[in-house]
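A quick write-up on the structure given underneath.
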Amino acid sequence: MEFDTVIRGGTVATASDTFAADLGIAGEVVTAIGRDLPPGRREIDASGKYVLPGGIDAHCHIEQLSAAGIVNSDTWESATAAAAFGGTTTVIAFAAQHVGMDLTRVVADYAALARKGACVDYAFHMIVADPTEATLRDHLPALIRQGYASIKVFMTYDRLRVDDERLLDVLATARENRALVCVHAENHGMIAWMSRRLVERGHVAPKFHAPSHPRLAEREAFERLFAFSALVDQPVMVFHVSTAEGAAAIRRARGEGLKVFAETCPQYLFLTSQDLDRPGLEGAKWMCSPPLRTVADQEALWRALALGDLQTVSSDHAPYAFDASGKLAAGASPTFKQIANGMPGLEARLPLLFDAMVSKGRLGIERFVDLTATAPARIYDLPGKGAIAIGADADIAVWDPAATVTFADEGVHDGTRYTPYAGRTVQGWPVVVLRRGQPIVESGKLLAAPGSGRFLPRTGGAAAEPTGRLEAEMDPARNFGARLLDG
Ligand code: DUC
Ligand code: ZN
Ligand code: ZN
C-alpha cells in the first residue's frame, strides 16, 4: 500500500465511534484506517490529537448582495480562508435572487465568484425572492437538475419575503423537482409592527432589534410553515432556530410525522440579547436575524440538539464590517432598522462547539462530528463528505484538544475585522486541516490557493423525498378526483 499522506497516532472520531488509528490517504481519498500503517510520502504526527472529518458549514453568506444593496464584507477567498482556519472544509453558500432578477443569471454570477476564490469545496442554496412563472416553470427545475438542489425562502423582510401563496408555489415546485426548501420563518407583520412602534417611540438603538423580532413571530411562522409543508407534502429545513418555542414547535411537527429538519447556530447557543446592550452603535456587531435570545433559550436549544429535533449547527456567517461599507452603511446614526443583520461565524463555529461539546463534555465528540459534518453531508446530499471512511474524501481536521485560544478582533481571517466572541477563551483548535488530501492549513498558515475549492453538485437526496402522505384535500381519492400535485 502506497500512501501520499499518513496521519499517524491520533484518535479518530466519527459520528458513531472514537478509536485510535492511523489514516492512510492516497490521492484525494482515505484508503486505509488501521494501526501501524506503512510510511507515507508525507507524515502528519497526530499523537495526542483528535482526527476528525472537516466541518461542513451548510449556511453561510459569502460575497452576497443584500436586498438593501450591501455586499457582505467577505470575498470567497477571505470567507473560505476563515472557514479553513476554523476546521471547515465544505461550505454551502447562497446565490441570492432579488426581485426582478433572472435566477439562472444569478446562479451563474455567484458560481463564477466561487470558482475564482474558493479555498474549500462548496455548494449553493438558491435564494428565491421572485418566484415568477418563468422562475418556477423553467429556471428552478433546470438549476435543480444542474446540482443546485436546495432553495431558501424568506417569510419576512419587505424585499425578500414570499407571501403564503408564493410559498406554496415554491414548495410545490420543489416537490415536483426533488429539492429541499430551507426557510427563514418569522412572522413579517409582527416584526414590522413592533419595529414601527419601537422607532416611533424613540427606541432606535441596536439593542431594540431584539424585541422587534418577538419570539412569538418565530413560533407562528414555524407552525404556518409546517401546515404548508404538510399540505404540499414537501420536506423543509428550518434555518436558524433561536427560541424554546420554536424548538418545541419542531418537536411537535416531527412527532406528528412531518418531514421537518432544523438547524441552530452558535450565536443562539453562546450569546444572548444582553450582548446587544452596549454604548452607542457598538451593539450592531451583535445584530443578527433572528436576534439573540436568552439563557433559557440556549438551554432549550441544547436539549433539542440532544433529542435530535435539531440536526445541524451552521454558522449563518453573514459578515458586515463595523463601518460605512457594512453595519453603518446608512450613515453615522442609523436606527436598528437601518443596520444590516448578520455576524461572522465561519471560523469560530467549530472551536466554540468543540470547546462546549468535547472539552467541556456537553453531548460529546461523536455528536460534535455528527452535528457539524456528518448530518449536514447526509441532509444536503454531499456523498464522500462529512465522514472518515474508506473511499471518503480526505477532508480532515487534526484537533489539538489542549490548545487554548482567546478570540480577538485582530485574529480573525474573514473580512469583518471583528468577532462577536472577543475575549472568550476556548480549549481545542484545529492545527492541521486537509481538503481532499492536501493540507490547506498548517502551522497557522493558509496553503490553499484561491479557486482550488471544488463545486459539489447535489441532488435533493433522501431529505427532499416527500413522505407520500397526502392531506385529504390533496388526495384524489378523497377530493373528488382532483390531481393537484405533480411528480
Ligand atoms: N437570515 C439569514 O439566514 N442570515 C442573515 C440574515 C437573515 O435574516
Ligand atoms: Zn434567514
Ligand atoms: Zn443566513
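If you count by the working numbering, then the sequence shown holds residues 61 to 547, one letter each, in order. Idealized CB from N, CA, C, for every residue including glycine. Remember, predicted model here, so these are calculated numbers, not experimental data.
- Residue environment: residue 485 is assigned as exposed (fewer than 16 neighbouring CB atoms within 10 Å of its CB, all protein chains considered).
- Residue environment for residue 294: buried (at least 16 other C-beta atoms within 10 angstroms of its C-beta).
- For residue 271, the enclosing alpha helix (DSSP H) covers residues 269–272.
- Here residue 81 carries a strand assignment [DSSP, helix/strand/coil].
- Take residue 402, set aside five residues on each side of it, and the residues of its chain with a beta-carbon closer than 6 angstroms to its own are 348, 378 and 380, in chain order.
- The beta carbon of residue 268 is closer than 7 angstroms to those of 258 and 396 in its chain, skipping five residues each way along the sequence.
- Runs of the alpha helix (DSSP H) spanning 4 or more residues and lying entirely within the region 154–214 occur at 163–177 and 200–205, in chain order.
- DSSP lists 68 as the bridge partner or partners of residue 105.
- Here residue 121 carries a coil assignment [DSSP, helix/strand/coil].
- Short note on residue 349: C-beta closer than 7 angstroms to some heavy atom of ligand 2.
- Boundaries of the beta strand (DSSP E) around residue 94: 89–94.
- In the structure shown, the three-state DSSP call for residue 221 is strand.
- Taking a cut-off of 8 angstroms on C-beta distances, the region 360–368 touches the region 287–306, as three or more cross pairs fall below it.
- Of the other Cβ atoms in all chains shown, 16 or more fall within 10 Å of the Cβ of residue 124; this residue is therefore buried.
- Note: residue 152 is bridge-paired with 183 in the DSSP secondary-structure output.
- Beyond the five residues adjoining it in sequence on each side, residue 120 comes within less than 6 angstroms, by CB distance, of 151, 153, 375, 377 and 406 in the same chain, given in chain order.
- Taking a 10 Å sphere around the C-beta of residue 415, we find 16 or more other C-beta atoms and assign the residue as buried.
- Look at residue 128: its beta carbon is at least 7 angstroms from all of the heavy atoms in ligand 3.
- Beta-bridge partners assigned by DSSP to residue 110: 71 and 459.
- When the alpha-carbon of residue 507 is set against those of 516, 532, 492 and 515, the nearest one is in 492.
- Sorting 80, 191 and 311 by C-alpha distance to the C-alpha of residue 70 places 80 at the top.
- With a cutoff of 8 angstroms on beta-carbon distance, residue 113 and residue 500 are scored as not near each other.
- By the neighbour-count definition (other C-beta atoms within 10 Å, threshold 16), residue 417 is a buried residue.
- In this structure residue 111 is not in contact with residue 472, their Cβ atoms being roughly 26 angstroms apart against a cut-off of 8 angstroms.
- With three or more CB-CB distances shorter than 8 angstroms, the region 310–326 counts as touching the region 274–294.
- Sequence-distant partners of residue 214 (beyond 5 residues in either direction) whose C-beta falls short of 6 angstroms from its own C-beta, in its chain, are 220, 221 and 244.
- In terms of side-chain proximity, the C-beta atom of residue 376 is found nearer than 7 angstroms to a non-hydrogen atom of ligand 1.
- If you look at residue 140, you'll find it in the alpha helix (DSSP H) that goes 136–145.
- Set against 7 angstroms, the gap from the CB of residue 244 to the closest heavy atom of ligand 1 is smaller.
- Around the beta carbon of residue 321, a 10 Å sphere encloses 16 or more other beta carbons of the protein chains shown; the residue is thus reported as buried.
- The continuous stretches of beta strand (DSSP E) do not include residue 371, and DSSP gives it neither H nor E.
- Nearest to residue 398 by C-alpha distance, out of 427, 535, 225 and 384, is 384.
- According to the DSSP assignment, residue 326 belongs to the alpha helix (DSSP H) that extends over 326–330.
- Residue pairing by DSSP puts residue 242 in a beta bridge opposite 212 and 297.
- Here residue 494 carries a strand assignment [DSSP, helix/strand/coil].
- Following the DSSP letters along the chain, one finds residue 439 inside the alpha helix (DSSP H) bounded by residues 435–439.
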